[in-house]
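Just so you know, the UniProt record's numbering puts 195 at position 195 of the sequence shown, and the rest follows in order with no gaps.
Don't be surprised by glycine CBs; every beta carbon is placed ideally from N, CA and C.
Accompanying notes for the structure given below.
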Amino acid sequence: MRDARYDILFDPIKIGPLTAKNRFYQVPHCNGGGYRDPSAAAEMRGIKSQGGWAVIFTEQCEMHHSSEITPFIELRLWEDKDIPQLRRMSEKMKEHGALAGIQLAYSGINGPNLYTKEVPLAPSALPIRTFTNDPVQARALSKSEIGDLRRWFVNAAKRSREAGFDLINLYGAHGFGIFQHFLSRATNQRTDEYGGSLENRSRFAREVVADIRDAVGDTMAIAMRVSLDESIGDLGFSNAEVRDFIEMNRDLPDIWDLAHGAWEDCSGPSRFKEEAAQFDLVKAIHDFTDKPIVGVGRFTSPDVMVKMIKSGTLDMIGCARPSIADPFLPKKIEEGRIEDIRECIGCNICITGDMTMSISRCTQNPTFMEEWRKGWHPENMNAKGSSDNVLVIGSGPAGLEAAWALCRRGYDVAVAEARSVIGGRVTRERALPGLSAWGRVVDYRDYQLSQRPNVEIYRESALDAESVLEFGFQNIAIATGSTWRRDGVSRQHVVPMPIAEGAKVYTPDDLMDGTVPGGNVVIYDDDHYYMGGVLAELLVKQGAKVTLITPSAYVSDWTNNTLEQATIHARLDEMGVDIVLNRGVASIATDHVVSNCVYTGKTRPYECDAVVMVASRTGNDQLFLDLTARQAEWADAGIRSVKIFGDAEASGPIAWATYAGHRYARELDGEDIGDDLPFRREITELAAE
């Protein structure tokens, strides 16, 4: 039974000619599938419909071939043959009463057209702005071509209606959409009736909305997604101008979809952005329009959601990442199961699927994008197999997820943890600067397991092979994690680097155990994810003078994919960290390191009192090796299977560990599929010759 405090979240709301059944609005979000994996993306959206969302949108859908963002994989609606795959998605969205929305995007100055080879078109002639700095420029649209573009939007709207969608989202946010390009003085330098004053810069948006209304009548609703602030000063589309724009066009769309400026501003990770971080930018905008407003802010707390609506700030709660972490978030609030919500941790692993052109993952929800490919449902598990019990050794993210999934299948589960606390790496890392929200990975699973009668967790229970053989468990799941290497082996060094006797060399494990290196400290980062930057923050706060040396051209290079690299660099620079790029560490002496240029090999010393080695990790696989060496004894001990997974098998981000634990649990006692693929995929249909 839901708490009456949350009733307002389930009030229906009119959006133009439509009625949304509640206030939960899944804003457009990427998933790494796009046109390549349409059924996987469709099933993922369909799960949201089961979960109680009232409005569900596609990701960015390229509406015309003259503007596309290859190599990034989005949806396409270039011609009629694109309609069937999109219809499959809209049908899935609407199966449980949600309204189906499509986001139509014309990328303009963000579209390099590497696939179509068309000359990019934009409001003004400027270099293409992409993540990869493509050496391409856009040509300014002529007035006749603006007319063409208006017609292309109408064509796309008609195709969207034929594909079964209820709403159209016109993309003008994050710097990616043509509407923002016209609205912003940074990208619109025209001197005709489409440039100059705000009224002129608004003209294109007004014309397109009017054109679409004429084309589809009252059969569809129109959402306009605009940036709340480009955050580039007076030259850009500022928050003040956004308010003027909305006041000037107060009835333009059926709903205003408001998002912060750049994608990294709007979807900043929890390390740098709190829940409802955009509140100040969106508050009081309702003074300028009577149309409903939806906004985002990584909303996970129902109380914060209620506050946003009761205060008149928002009318609908927009979610992307929280809807990924828990597609059933609305239904759990409605059913009074707040404690069962898998809260988003704001790690942005989901975004990396888009940035790396791969199928997305979620740290909290390992079933994300596997709903169709593997048949995984976020709330329902497959039935138990022929065995009855499992011993899970290790309570890190892989072990906890395995235990949670196994017990739901019906197995009796024992979890053995060597330490006095559970959570493995997550428990240790959540204490580092900015990573406290990551503790939700442990908190959620700890609570869920505590509610199950068929799970027992044994702390301070280090096990060896002899003990395991004596226990009598049928299945042994080894998730014993990994240990950071001290010898420098990673990418630059494939064998241990020269380290002088007496040199003070520490690992992230040492620092997380409480070691505090002082004086001048060199951090050698050949890992390139978040750890090097986080430890630099930690050491500075503890009083050390830090030099961070990395062979990459960027600090925390891989965090370009999580939209936080620039913020990390700025934070470290503000804290006084000496950032040394494009240099490795060739050797370590007692009072300095020898650094070498990755291009020329030229060396120079950096004085230091200690070195923190952020290189690679070694799986803690000795127990697995000891057990496999005694495989002849398994049958007598009643053991059917021994499996190692997670960081113990091969180290990776936390999302890789929860996925590995979930996969182990799903596949236990399963049929041997031989050389068959363990997932479904779609392939391109050959055209007639």
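Residue i - partner residues in DSSP beta bridges
i, result
"Y444", "BP columns for Y444 are empty, so no partner."
"N169", "Q103, A223"
"E470", "For E470, which the question treats as bridged, DSSP gives no partner whatsoever."
"S595", "V585, R604"
"residue 697", "Beyond the ends of the chain as shown, which are 1 and 689, falls residue 697; an answer cannot be given."
"Y458", "A416"
"L121", "R139"
"T567", "Per DSSP, none; premise fails for T567."
"P496", "In DSSP, P496 forms no bridge with anything."
Helix, strand or coil at residue i according to DSSP, with G and I counted as helix
i, result
"R373", "coil"
"K283", "coil"
"Y530", "coil"
"D412", "strand"
"M381", "coil"
"T260", "The question names Thr, yet the displayed sequence has His at residue 260. It is coil, neither helix nor strand."
"F368", "coil"
"W53", "coil"
"V577", "coil"
"V208", "helix"
"S641", "strand"
"E62", "strand"
"T352", "helix"
"E247", "helix"
"T618", "strand"
"I341", "coil"
"Y554", "coil"
"Y35", "helix"
"L391", "strand"
"D525", "strand"
"N188", "coil"
"K21", "coil"
"P12", "coil"
"M1", "coil"
"V516", "coil"
"S358", "coil"
"Y115", "coil"
Chain-order list of residues whose beta-carbon lies under 6 Å from that of residue i (same chain, five-residue window excluded)
i, result
"A402", "V392, A477, G661, Y664, A665"
"G422", "At residue 422 the sequence reads Ile, which differs from the Gly that was named. The answer, listed in chain order, is S395."
"D354", "C30, G32"
"F182", "P123, N188, R201, F204"
"Y171", "Q103, A105, G177, R225"
"R409", "M381, K384"
"H96", "S49, Q50"
"R571", "none"
"I309", "I8"
"R23", "L9, M316, I317"
"A42", "R88, M89, K92"
beta-carbon residue i near the ligand PLP non-hydrogen atom, thresh 7 Å
i, result
"R87", "With respect to small molecules bound, the structure shown includes none, and the ligand PLP cannot be examined in it."
Cβ-based neighbour list, residue i, same chain, cut-off 7 Å, excluding 5 preceding and 5 following
i, result
"A482", "The residue asked about is misnamed: residue 482 is Ser in this sequence, not Ala. R617, T618, G619, N620, D647, A648, S651."
"G51", "P327, F328, L329, P330, K331"
"L538", "L432, P433, L511"
"T427", "V421, V442"
"P292", "I13, I15, I255, D315, M316"
"G336", "M1, R2, D3"
"A465", "L623, D626, L627, R630"
"D265", "S231"
"R5", "V306"
"S556", "H528, Y529, Y530, G532, G533, Q565, I568"
Proximity test, Cβ basis, 8 Å: residue i and chain D
i, result
"R428", "Going by chain labels, chain D is absent from the structure shown, which holds only one protein chain."
Cβ-based neighbour list, residue i, same chain, cut-off 8 Å, excluding 5 preceding and 5 following
i, result
"D446", "L400, I422, G423"
Please confirm if the stretch 611-630 is in contact with the stretch 517-528, defined as three or more CB-CB distances below 8 Å between the two stretches. With the cut-off at 8 Å, the stretch 611-630 and the stretch 517-528 touch.
As an exercise, report each continuous alpha helix (DSSP H) stretch of at least 4 residues that is fully enclosed by the stretch 64-95, in chain order. You should have 83-94.
The stretch 151-168 contacting the stretch 77-90, beta-carbon criterion three pairs below 8 Å: In short, these stretches touch, since the Cβ pair count reaches three.
Taking one C-beta from the stretch 466-475 and one from the stretch 630-648 each time, how about it: are there three or more such pairs within less than 8 Å? A contact exists between the stretch 466-475 and the stretch 630-648.
Check whether the stretch 350-367 and the stretch 272-291 are in contact - that is, three or more C-beta pairs closer than 8 Å. Too few Cβ pairs lie closer than 8 Å, so no.
Threshold first: 4 residues or longer. Then list the alpha helix (DSSP H) segments lying entirely within the stretch 302-329, N to C. Under the rule that a run must span 4 or more residues, the alpha helix (DSSP H) segments found entirely inside the stretch 302-329 read 302-310, 321-325.
Does the pairing of the stretch 340-350 with the stretch 64-83 give three or more beta-carbon distances under 8 Å? The stretch 340-350 makes no contact with the stretch 64-83; the number of CB pairs closer than 8 Å stays below 3.
Cβ contact (3+ pairs, closer than 8 Å) linking the stretch 587-602 and the stretch 556-571: Result no; under three Cβ-Cβ pairs closer than 8 Å.
Tell me, please, whether the stretch 547-554 touches the stretch 573-582 by the rule of three or more beta-carbon pairs shorter than 8 Å. The stretch 547-554, when compared against the stretch 573-582, does touch it at the 8 Å Cβ threshold.
Does the stretch 262-273 come into contact with the stretch 555-565, if we say contact requires no fewer than three beta-carbon pairs (one atom in each stretch) closer than 8 Å? Of all C-beta pairs linking the stretch 262-273 to the stretch 555-565, three or more are shorter than 8 Å, placing the two stretches in contact.
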